[in-house]
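All letters in the sequence shown, in the order written, are residues 32 to 229 by the working numbering.
Ideal Cβ placement from N, Cα and C applies to all residues, glycine included.
Since this is a predicted model, take the numbers as computed values, not measurements.
Heads up: the structure comes next, in structure tokens.
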Amino acid sequence: MTAVPFPVIGVVAPMAVAGLVWGVTGSSFALLGAVIAPTMVIAHHVDGVRRAARESRRTESTRARERAAERESKNVQDARRIVEENRAHPSVADIARNPEWVPARNGDTVVRAGCRPDGSPWLVDVAVGATVAGNGPAADAVWTSLLVQATAQLGAPQNSGIPARWANGSSIARGESTEAALVIRCSDSGIDSVTTRG
Numbered sequence: 032m033t034a035v036p037f038p039v040i041g042v043v044a045p046m047a048v049a050g051l052v053w054g055v056t057g058s059s060f061a062l063l064g065a066v067i068a069p070t071m072v073i074a075h076h077v078d079g080v081r082r083a084a085r086e087s088r089r090t091e092s093t094r095a096r097e098r099a100a101e102r103e104s105k106n107v108q109d110a111r112r113i114v115e116e117n118r119a120h121p122s123v124a125d126i127a128r129n130p131e132w133v134p135a136r137n138g139d140t141v142v143r144a145g146c147r148p149d150g151s152p153w154l155v156d157v158a159v160g161a162t163v164a165g166n167g168p169a170a171d172a173v174w175t176s177l178l179v180q181a182t183a184q185l186g187a188p189q190n191s192g193i194p195a196r197w198a199n200g201s202s203i204a205r206g207e208s209t210e211a212a213l214v215i216r217c218s219d220s221g222i223d224s225v226t227t228r229g
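And the structure:
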């Protein structure tokens, strides 16, 4: 709220004028103006302060509602985006549960490696070559997810070994590989990091 300045001149000027009139006329009614005019100015000032405070509260309340609406809109957009991304890049478990699922065979090299904490798929591009570093169930799940997704979109790899290679140059390796530009490091809890070399 912007501070409303106190009207010092508005209070002092009527008192000075009333004093001057009293001095010239000697009428005590002039002194009445010295009381009434400043009282009205002070009352007007207090009313202005209250009005400004009310407007400030109303403005802040409106802004708070607008911020809440923006947050809600962003949450809805994020939820839609997550649903669309999961529909476009289903997990291996979702593929296994859906008897109507058909491989896309669209040539897209962006595939699902896993799931982020917000529920969206962790997407990586295997066109530059990807490797899954780490051992254990999480690394196995990431490797399986990459292989299933890439096969669904690119067709069967040219070789069935490790690394799996496709005709377009995409590849998925396991362990520390110097050939892959994309390294997906996994621990027991899941994906730790996705880094790109050089």
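Buried or exposed (CB count within 10 angstroms, at least 16 for buried), residue i
i    : result
L185 : buried
V114 : exposed
V107 : exposed
P121 : buried
R118 : exposed
A84  : exposed
Option in the options with minimal Cα separation from residue i
i    : options                   : result
H76  : R96, V42, A99 and D109    : V42
T175 : S104, A47 and V123        : V123
W197 : R81, V72 and V179         : V179
G200 : P188, R118 and D78        : P188
A195 : A169, D219 and V157       : V157
M46  : S59, V55, P36 and V66     : V66
D78  : S151, E207, P36 and F60   : P36
A204 : S224, P168, S218 and A164 : A164
V72  : G50, A211 and A44         : A44
V39  : A68, S224 and L62         : A68
Rounded C-alpha distance that separates residue i from residue j
i    : j    : result
R143 : L213 : 14 Å
T70  : R102 : 48 Å
I222 : V173 : 8 Å
R128 : R228 : 36 Å
D139 : R96  : 42 Å
G145 : W153 : 5 Å
S220 : R88  : 48 Å
T162 : T90  : 54 Å
R216 : R111 : 28 Å
V80  : P148 : 49 Å
S104 : V159 : 36 Å
A135 : R98  : 40 Å
N137 : E86  : 58 Å
A170 : I193 : 14 Å
V226 : S92  : Before going on, a small fix: residue 226 reads as Thr here, not Val. Rounded to whole angstroms, T226 to S92 spans 45 Å at the Cα level.
A183 : L177 : 10 Å
A74  : A100 : 39 Å
S58  : V52  : 8 Å
F60  : R94  : 51 Å
G64  : V55  : 14 Å
Secondary structure of residue i, DSSP reduced to three states
i    : result
D109 : helix
I193 : coil
T56  : helix
G145 : strand
A93  : A small correction: the amino acid at residue 93 is Thr; Ala does not occupy that position in the sequence shown. DSSP places T93 in helix when its eight states are reduced to three.
R205 : strand
A164 : strand
R216 : strand
S122 : coil
G64  : helix
N137 : coil
N117 : helix
P130 : coil
Limits of the beta strand (DSSP E) - the one that residue i falls within
i    : result
P152 : P152 to D156
V225 : G221 to T227
Within-7 Å CB hit, residue i to chain B
i   : result
F60 : The structure shown contains no chain B; it holds only a single protein chain.
Residue i Cβ short of 6 Å to the ligand FAD heavy atom set
i    : result
S104 : Inclusion of the ligand FAD in the displayed structure is not the case, the ligand content being empty and no account of it being possible.
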